[in-house]
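Novice: Residue numbers (the working numbering): 9 to 765.
Note that beta-carbon positions come from the ideal geometry of N, C-alpha and C, so glycine has one too.
#1: Is residue 268 helix, strand or coil when you go by DSSP?
#2: Note down, in chain order, each residue of its chain lying with its Cβ closer than 6 Å to the Cβ of residue 706, except the 5 sequence neighbours on either side.
#3: Let me make sure I understand the geometry here. Which of 639, 155 and 171 has the alpha-carbon closest to that of residue 192?
#4: How many angstroms separate the CA atom of residue 16 from the CA atom of residue 743?
#5: Taking just the CA atoms, how far does residue 734 sit from residue 581?
#6: Measure from the alpha carbon of residue 163 to the alpha carbon of each residue in 188, 541 and 137, then state which is nearest.
#7: In this structure, how does DSSP classify residue 327 when only helix, strand and coil are distinguished?
#8: According to DSSP, simplified to helix, strand and coil, what is residue 520?
#9: Have a look at residue 125 and residue 232 and give me their C-alpha separation to the nearest angstrom.
#10: Less than 8 Å between the beta carbons of residue 492 and residue 511, yes or no?
#11: Can you grab the Cα-Cα spacing for the pair residue 135 / residue 207, in whole Å?
#12: Relative to the alpha-carbon of residue 159, which residue among 205, 676 and 513 has its alpha-carbon at the smallest distance?
#13: For the alpha helix (DSSP H) containing residue 251, name the first residue and the last one.
#14: According to DSSP, which residues form a beta bridge with residue 455?
#15: With three or more C-beta pairs closer than 8 Å as the rule, is the stretch 607 to 614 touching the stretch 639 to 646?
#16: Whose CA, out of 212, 313, 327 and 171, lies closest to the CA of residue 259?
#17: Of all the beta strand (DSSP E) runs that stay within the bounds of the stretch 522 to 552, which reach a length of 3 or more residues?
#18: Using 8 Å as the cut-off, can you tell me whether the stretch 257 to 276 makes contact with the stretch 476 to 495, which would need three or more C-beta pairs spanning the two stretches below that distance?
#19: Tell me the start and end of each unbroken beta strand (DSSP E) in the stretch 612 to 699 that is at least 3 residues and wholly inside, in chain order.
#20: Please list the terminal residues of the continuous beta strand (DSSP E) segment that includes residue 743.
#21: When the Cβ atoms of the stretch 245 to 254 are set against those of the stretch 448 to 462, are three or more pairs found closer than 8 Å?
#22: Are the beta-carbon atoms of residue 359 and residue 146 separated by less than 8 Å?
#23: Would DSSP call residue 405 helix, strand or coil?
#24: Residue 298 to residue 326, Cα distance in whole Å?
#25: Distance, Cα to Cα, residue 223 vs residue 94?
#26: Relative to the C-alpha of residue 235, which candidate in 184, 264, 303 and 276 has its C-alpha closest?
#27: Go through the stretch 424 to 498 residue by residue and report every complete run of the beta strand (DSSP E) that reaches 3 residues or more, in order.
#28: Determine the DSSP secondary structure at residue 26, reduced to helix, strand or coil.
#29: Got a sec, what are the start and stop residues for the alpha helix (DSSP H) residue 362 sits in?
#30: Quick check on residue 210: buried or exposed, where buried means 16 or more other Cβ atoms within 10 Å of its Cβ?
#31: Counting C-beta neighbours from all protein chains within 10 Å, is the total for residue 768 16 or more, i.e. buried, or is it exposed?
#32: In chain order, what residues of the same chain lie with their CB nearer than 7 Å to the CB of residue 599, ignoring the 5 residues before and after it?
#33: Drop a sphere of 10 angstroms on the beta-carbon of residue 14, count the other beta-carbons inside from all chains shown, and report buried for 16 or more, exposed for fewer.
#34: Quick one, which of 446, 433, 393 and 372 has its alpha-carbon nearest residue 407's?
#35: With the cut-off set at 8 Å, would you say residue 591 and residue 617 are in Cβ contact?
#36: Name the one or two DSSP bridge partners that residue 53 has.
Pasting the structure below:
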């Protein structure tokens with residue numbers, strides 16, 4: 009049985025920290041710790057008010073701090089590069105206090121590893137409660153025990169699993185302080201986190217620190233915070249419900265297991281969770297966004313990388329909805345998803361943690377660290393084209409080729425002949441198994457039972473065949489569906505329909521009868537979707553996502569204030585303190601939304617067209633303001649011109665004119681704008697390298713994040729017809745290297761075209 013020694017000294021009365029107390033460091037700072045490289049990292053702790061604390065690194069003063077009125081001090085110790093894992097000594101001292109010496113400190117990359125049981129599962133196969141999740145340990149455990157002797161620079165600190173709190177703790181209770189990975193300690197390492205860290209360490213040689221803070225059997229709700237919910241307008245009803253005394257378990261894991269870790273320097277976070285949320289999978293899409301945004305805001309270290317595991321298959325529970333929600337969250341900034349649809353042995357706790365860890369690491373290495381042009385994601389559905397009685401499916405991360413494959417355990421993917429698990433339907437949404445054929449970087453699907461196809465699904469049934477879709481990096485495609493329907497949750501009210509609602513459908517919602525002494529106040533959770541926010545019975549037009557609506561009430565004698573929204577939705581009345589949704593109208597032709605103006609003191613995000621505000625004890629007026637895309641009319645946007653040449657972008661000169669080439673790289677400002685490159689950097693231009701040999705060719709170029717490209721060929725430049733060779737090359741800011749077969753076009757012409765469809 010796993011044995012943990014709870015780190016003592018944590019359960020002090022924090023309200024007494026401002027009184028006389030011995031100087032000490034926060035519990036996260038201990039021997040063998042990993043500090044984030046290349047970051048001005050904070051070191052903090054507690055002492056008597058006014059105490060001046062000095063921090064030395066290898067005998068050199070690197071930071072000082074004065075203890076504040078709350079009894080806390082914090083020093084920034086400067087940025088330190090990776091030095092190959094050299095061991096350092098950190099000395100924390102203050103006059104008339106016993107110094108704190110922390111030994112064997114290394115600089116590397118620190119990741120928070122969090123989630124529920126599949127992150128909490130340790131290398132020996134144990135769960136956080138001491139139960140056996142994988143008898144004999146995870147797959148490959150015996151081999152890793154021996155190998156771990158070489159991985160002393162992989163380290164972990166473990167937060168006590170049972171922690172839960174209604175308020176934010178200052179320090180987390182720990183079950184283990186920082187520990188080097190070795191044959192004696194590897195059993196207690198998070199298995200998914202260990203394989204993630206191992207892959208990074210083997211490729212970079214940089215020490216990796218894991219802050220292991222996971223708990224089995226937990227909903228995502230407990231890991232959320234109010235800041236994150238406020239930044240996702242679709243959760244305003246949930247936030248209001250929590251503030252009114254509902255949802256008692258929300259935020260508790262965050263308060264005890266996440267907040268106390270801040271602001272320890274991080275490179276990023278990895279997350280494996282969702283099994284507990286299958287009953288509200290559509291809401292999970294909003295909640296995972298809120299978790300990411302809330303953690304980032306509260307940590308105060310920018311949009312750090314956040315990589316998560318998409319759930320594998322488990323036929324006892326339908327995870328398809330959670331997987332769809334996880335797929336949709338990929339639109340967030342700086343996130344990545346490890347697809348594991350092929351790794352499960354149909355158990356709740358798959359013993360294969362090697363592949364999830366490896367695939368998480370590919371995102372970190374390829375997108376963030378090495379940026380070496382590797383394909384770091386499996387194919388992700390981009391769009392589809394109806395071609396008569398068949399549908400052509402386009403993918404991101406498929407430009408290097410697709411294949412049908414099968415996988416067993418941790419063994420490599422094996423190529424097979426037939427691609428399976430695709431379904432196709434007409435507008436009646438009756439699905440039939442489809443024939444799927446790989447064509448270059450696309451898949452073409454059809455069925456004799458569907459003459460006019462409209463919708464497709466991939467790996468969306470409860471169980472499916474072994475033959476799945478992979479790219480040339482042998483990474484699996486994410487399951488997807490193109491037929492959409494969503495649930496409507498109504499708290500303190502009812503709805504005429506609540507499940508499987510197709511976007512555009514109209515649903516009637518009715519608030520419960522008001523409690524004694526109260527009257528209905530307002531619907532919280534949406535703006536444009538509800539026809540009358542102040543009516544107890546209203547009509548909802550279903551959007552392309554789940555809705556969580558809350559009927560709110562106020563005391564009969566309570567004051568009521570007016571929210572006036574110009575150029576947008578959300579106008580109405582409400583009591584003070586309510587979280588109200590506001591949404592800008594669609595921008596007029598030639599313009600884009602710019603910001604909210606007026607009484608914006610409580611608006612969560614003035615730069616977001618859809619956001620929320622907190623109703624004050626006064627009337628509020630806000631106006632959606634739009635800006636012209638191209639005031640000059642020369643094809644270059646105002647925003648782009650202002651970004652590179654200053655001003656507001658509405659005028660031009662010799663440097664900023666569309667025809668100018670200020671960096672002398674041969675590309676005009678207009679071309680640089682269209683290509684997404686910089687007009688002030690001669691090395692930033694779309695230069696295409698190409699080689700041809702025999703029956704094959706290859707091209708390489710620096711792509712631009714957010715742009716997509718298509719490779720086409722024609723036999724004659726006078727012909728208007730171009731044949732597609734590669735349908736979709738995904739721009740991510742990295743160098744793209746793509747090979748292709750010349751075929752009948754060996755004597756033709758080629759072009760790389762930016763695409764928007």
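Specialist: On the basis of the coordinates in this document:
#1: helix
#2: 699 and 747
#3: 155
#4: Residue confidence is low: residue 16 scores 39 on pLDDT, short of 50, so the model does not pin down where it sits. Its coordinate-derived value is still stated next. Cα to Cα, residue 16 sits roughly 50 Å from residue 743.
#5: 54 Å
#6: 188
#7: coil
#8: coil
#9: 17 Å
#10: yes
#11: 23 Å
#12: 205
#13: 244 to 251
#14: 458
#15: no
#16: 171
#17: 526 to 532 and 545 to 549
#18: no
#19: 618 to 622 and 628 to 636
#20: 743 to 749
#21: no
#22: yes
#23: coil
#24: 23 Å
#25: 33 Å
#26: 303
#27: 430 to 433, 439 to 441, 443 to 447, 450 to 454, 463 to 466 and 476 to 479
#28: Summary for residue 26: the model assigns pLDDT 45, below 50, so the residue's position carries little reliability; its value from the coordinates is reported in the next sentence. Note: residue 26 maps to coil in three-state DSSP.
#29: 362 to 371
#30: exposed
#31: Since the first and last residues shown for the chain are 9 and 765, residue 768 lies out of range.
#32: 634, 635, 636 and 637
#33: Here the model assigns residue 14 a pLDDT of 44, short of 50, so the residue's position is not dependable and the matter cannot be decided.
#34: 446
#35: yes
#36: 33 and 81
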